[in-house]
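Only one structure is covered here, and it is reproduced in the block below.
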Amino acid sequence: MDFNILISNLTNPTLLFFVLGFIVVLVKSDLEIPPSSAKFIALYLLFSIGFKGGQELAHTGFNADIIIALLFGLAIASIIPLYTFFILKRKMSISDAGAVAATYGSVSAVTFVAAASFLEAQSVSYGGHMVAVMALMESPAIIMGVILMMKYDDSGDKKTNLKETIKHSITNGSVILIIGSLIIGLIADTKQAEGIKPFTTDIFKGFLAIFLLEMGMVTAKRFATFKKYGWFATAFAIVIPLINGCAVALISGLFIEDIGNRFIFAILAASASYIAVPAAMRIAAPKSDPGLYLPMALGITFPFNITVGMPIYYYLAMHF
Numbered sequence: 127m128d129f130n131i132l133i134s135n136l137t138n139p140t141l142l143f144f145v146l147g148f149i150v151v152l153v154k155s156d157l158e159i160p161p162s163s164a165k166f167i168a169l170y171l172l173f174s175i176g177f178k179g180g181q182e183l184a185h186t187g188f189n190a191d192i193i194i195a196l197l198f199g200l201a202i203a204s205i206i207p208l209y210t211f212f213i214l215k216r217k218m219s220i221s222d223a224g225a226v227a228a229t230y231g232s233v234s235a236v237t238f239v240a241a242a243s244f245l246e247a248q249s250v251s252y253g254g255h256m257v258a259v260m261a262l263m264e265s266p267a268i269i270m271g272v273i274l275m276m277k278y279d280d281s282g283d284k285k286t287n288l289k290e291t292i293k294h295s296i297t298n299g300s301v302i303l304i305i306g307s308l309i310i311g312l313i314a315d316t317k318q319a320e321g322i323k324p325f326t327t328d329i330f331k332g333f334l335a336i337f338l339l340e341m342g343m344v345t346a347k348r349f350a351t352f353k354k355y356g357w358f359a360t361a362f363a364i365v366i367p368l369i370n371g372c373a374v375a376l377i378s379g380l381f382i383e384d385i386g387n388r389f390i391f392a393i394l395a396a397s398a399s400y401i402a403v404p405a406a407m408r409i410a411a412p413k414s415d416p417g418l419y420l421p422m423a424l425g426i427t428f429p430f431n432i433t434v435g436m437p438i439y440y441y442l443a444m445h446f
């Protein structure tokens with residue numbers, strides 16, 4: 127079962143385009159994606175993720191359980207980058223530590239899909255509002271990463287005014303786009319929103335494939351950064367997601383009864399973003415190196431979660 131999930135996700139066309147981008151650099155091809163086009167695609171992905179999350183939230187409505195789930199998701203996405211940043215900055219530059227912390231505080235939509243397939247195989251359901259929770263968890267991690275990068279810089283942990291730091295991080299272009307898109311998706315008239323559905327949904331995977339192609343090329347060009355950190359980056363990409371997933375699987379049992387929702391929360395906490403955060407960091411933190419956080423998230427954490435992590439998180443959600 128787990129092997130089938132692994133094969134299904136590793137043969138996803140969008141992920142295979144990431145591999146293609148890596149190969150393009152290895153064979154020294156002259157293929158190139160113009161920087162302006164790459165930036166547009168990054169903005170599009172942020173807009174689409176936010177808008178679809180808002181639409182899903184509008185369809186499910188609000189009740190006490192959903193509000194608790196949303197607040198819990200926001201708390202997870204805020205706490206993980208906060209504590210991991212201070213671990214990371216002992217070994218990495220401030221910009222890289224902030225980007226990696228945001229990556230692991232945020233979530234992976236593809237891992238979410240894999241988790242849904244896992245539950246379906248177990249004949250276990252989960253709440254539809256968890257899609258909105260997933261979308262909401264993108265922004266806090268990005269905001270926290272930007273705040274931490276602005277509060278500490280590479281010239282000796284120089285501190286800035288916290289009020290100004292929060293203001294600048296919230297008004298950062300990538301952050302305001304995903305939050306604004308989510309709010310618009312939430313309040314938009316359903317019939318009117320249908321008019322842009324082909325743009326937000328139908329072509330999403332195509333743009334994602336091109337984005338990951340470009341990310342694969344960037345990662346291959348900068349893979350030396352990942353090798354520079356060696357065992358530390360590899361260990362972090364396995365141990366931290368495992369800790370996060372197990373902790374959330376256990377803690378969620380205090381106020382969430384549904385096993386499917388607890389499992390989804392665990393996998394969201396354990397996952398690492400390689401779509402929204404790289405898109406955001408390209409704009410918010412150009413000094414951070416995709417050659418570090420992309421191989422960690424996509425090359426190590428993702429396959430670990432869908433092969434080893436999921437059965438562990440599911441067991442904890444079932445029995446504790």
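Quick note, the sequence shown lines up with residues 127 to 446 if you use our numbering. A virtual CB, placed ideally from N, CA and C, is assigned to each residue, including glycine.
Just how far apart, CA to CA, sit residue i and residue j?
i: residue 143; j: residue 339; result: 5 Å
i: residue 210; j: residue 257; result: 25 Å
i: residue 423; j: residue 401; result: 10 Å
i: residue 297; j: residue 314; result: 22 Å
i: residue 283; j: residue 355; result: In this prediction, residue 283 has a pLDDT of 48, which is less than 50 and means its spatial position is unreliable; nothing more can be read from the coordinates.
i: residue 212; j: residue 184; result: 36 Å
i: residue 168; j: residue 391; result: 26 Å
i: residue 140; j: residue 197; result: 31 Å
i: residue 325; j: residue 216; result: 43 Å
i: residue 259; j: residue 311; result: 14 Å
i: residue 127; j: residue 383; result: In this prediction, residue 127 has a pLDDT of 46, which is less than 50 and means its spatial position is unreliable; what the coordinates show is noted afterwards. Looking at the two C-alpha atoms, the distance is approximately 25 Å.
i: residue 445; j: residue 438; result: 11 Å
i: residue 155; j: residue 147; result: 10 Å
i: residue 429; j: residue 236; result: 11 Å
i: residue 263; j: residue 442; result: 22 Å
i: residue 317; j: residue 323; result: 10 Å
i: residue 255; j: residue 393; result: 15 Å
i: residue 224; j: residue 186; result: 33 Å
i: residue 265; j: residue 337; result: 19 Å
i: residue 200; j: residue 406; result: 18 Å
i: residue 360; j: residue 226; result: 12 Å
i: residue 426; j: residue 397; result: 11 Å
i: residue 447; j: residue 234; result: Limits of the chain in this structure are 127 at one end and 446 at the other, which puts residue 447 out of reach.
i: residue 347; j: residue 192; result: 43 Å
i: residue 152; j: residue 194; result: 47 Å
i: residue 162; j: residue 332; result: 17 Å
i: residue 403; j: residue 395; result: 15 Å
i: residue 417; j: residue 218; result: 13 Å
Looking at the unbroken alpha helix (DSSP H) that takes in residue i, where does it start and where does it end?
i: residue 383; result: Note, residue 383: premise wrong, no alpha helix (DSSP H); not H, not E.
i: residue 234; result: Element bounds for residue 234: n/a, residue is neither H nor E.
i: residue 445; result: 436-445
i: residue 365; result: 349-377
i: residue 404; result: 402-410
i: residue 266; result: 264-277
i: residue 147; result: 139-152
i: residue 420; result: 416-420
i: residue 308; result: 299-313
i: residue 316; result: 316-320
Say the cut is 7 Å; is the CB of residue i nearer than that to a heavy atom of the ligand HEM?
i: residue 270; result: This structure simply doesn't include the ligand HEM, nor any ligand for that matter.
For residue i, does the count of other Cβ atoms within 10 angstroms reach 16, so buried, or fall short, so exposed?
i: residue 344; result: buried
i: residue 303; result: buried
i: residue 189; result: exposed
i: residue 414; result: buried
i: residue 158; result: exposed
i: residue 380; result: exposed
i: residue 222; result: buried
i: residue 175; result: buried
i: residue 166; result: exposed
i: residue 350; result: exposed
i: residue 435; result: buried
i: residue 182; result: buried
i: residue 171; result: buried
i: residue 334; result: buried
i: residue 202; result: buried
i: residue 321; result: exposed
i: residue 367; result: buried
i: residue 268; result: buried
Worksheet item: Taking only runs of the beta strand (DSSP E) that begin and end inside the stretch 167-199, which ones reach a length of at least 3 residues, in chain order?
Response: none
Discussion item. Could you tell me which whole beta strand (DSSP E) segments of length 3 or greater appear in the stretch 233-261?
Written reply: none
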